[in-house]
Amino acid sequence: SSSPCAACKLLRRKCTRECVFAPYFSSSEPQKFAQVHKIFGASNVSKMLQELPVERRRDAVASIVYEANARIRDPVYGCLGAIFTLQQQIAQLRKQLSAAQSEMVLLKFQHQHREP
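All residue numbers for the sequence shown refer to this note's numbering, where the first residue is 12 and numbers rise by one.
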């Protein structure tokens, strides 16, 4: 390739045709790899990717990038913090839905049994 991928640029090495990072970390998004490298380390990510079949690597990179960003936003809980927040929102919305359904039943009952 003409310009090194974001990983090779950050690691200051020559980007070869066999570079495991090049298909997923374009030079136009240097921060994407920088965050992954900061959280997981280039060597660990390289090993993870090499152990996967090529057709599964893009999804793995998307997950790794998401997890790295989550860990940067929330160093203690990472993705679990986001999952917990979403679970709380779901529980709250279920309560609201249940209350609304109960109110609908009550209103239907009142409507059916009102005096003419």
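Glycine is no exception: its CB is placed at the ideal position from the N, C-alpha and C atoms.
The C-beta of Ala79 has 16 or more other C-beta atoms within 10 Å across all chains shown, which makes the residue buried.
The C-beta of Val47 has 16 or more other C-beta atoms within 10 Å across all chains shown, which makes the residue buried. Nearest C-alpha to Ser14 among Arg69, Cys90, Lys49 and Ser38: Ser38.
Counting other Cβ atoms within 10 Å of its Cβ, Ala110 stays below 16 and is therefore classed as exposed. In this structure, Lys20 lies near Pro41, with their beta-carbon atoms less than 8 Å apart.
Rounded to the nearest angstrom, the Cβ distance from Leu22 to Ala71 is 19 Å, too far for a contact under 8 Å.
Taking the Cβ atoms as the reference, Val76 lies roughly 6 Å from Lys43, within the contact range of under 8 Å.
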